[in-house]
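Residue numbering for the sequence shown follows numbering that gives the first Met the number 0, beginning at 0 and increasing consecutively.
Just so you know, even glycine gets a beta-carbon here, dropped at the ideal spot from N, CA and C.
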Amino acid sequence: MPKMKTNSGAKKRFTLTGTGRLKRKKAFASHILTKKSPKTKRNLRGTTLVSEVDEPRMRKLING
0 MPKMKTNSGA
10 KKRFTLTGTG
20 RLKRKKAFAS
30 HILTKKSPKT
40 KRNLRGTTLV
50 SEVDEPRMRK
60 LING
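Quick look at the structure:
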């Protein structure tokens with residue numbers, strides 16, 4: 000059976016941390032920012048970890 004391909008979208012969106020967790024960017028921070036409060040926009044900055052429930056599913060997309 001042929002090897003599984005890595006999902007190109009997932010490859011661009013997730014990175015592995017040193018401990019092996021998956022790091023992701025927060026959603027809702029790209030456009031229509033005028034109606035969002037400064038507090039909301041501030042909390043959308045930076046990255047966060049993929050939740051433990053979703054991690055196995057995302058890992059399949061990355062490792063192929």
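Handout entry: Cβ-based burial, residue 48 [other Cβ within 10 Å; buried from 16]
Key = Numbered from 1 along the sequence shown, position 49 holds the residue referred to as residue 48. Exposed.
Handout entry: Same chain, Cβ closer than 8 Å to residue 40, five either side skipped, listed in chain order
Key = Walking along the sequence shown from the start, residue 40 turns up at place 41. 28, 32.
Problem - Nearest-angstrom beta carbon gap, residue 13 and residue 67 [assumed within contact, 8 Å] - result: One cannot answer for residue 67 here, as it falls past the ends of the chain, which runs 0 to 63.
Problem - Assigned secondary structure, residue 60 (DSSP; H/G/I helix, E/B strand, else coil) - result: Reading the sequence shown from its first residue, position 61 is the one you call residue 60. Reduced to three states, the DSSP call for residue 60 is helix.
Practice task
In angstroms with no decimal places, state the Cα-to-Cα distance between residue 1 and residue 61.
Solution key: Within the sequence shown, residue 1 is the residue found at index 2, counting from 1. Within the sequence shown, residue 61 is the residue found at index 62, counting from 1. Each residue's Cα considered, the two are about 16 Å apart.
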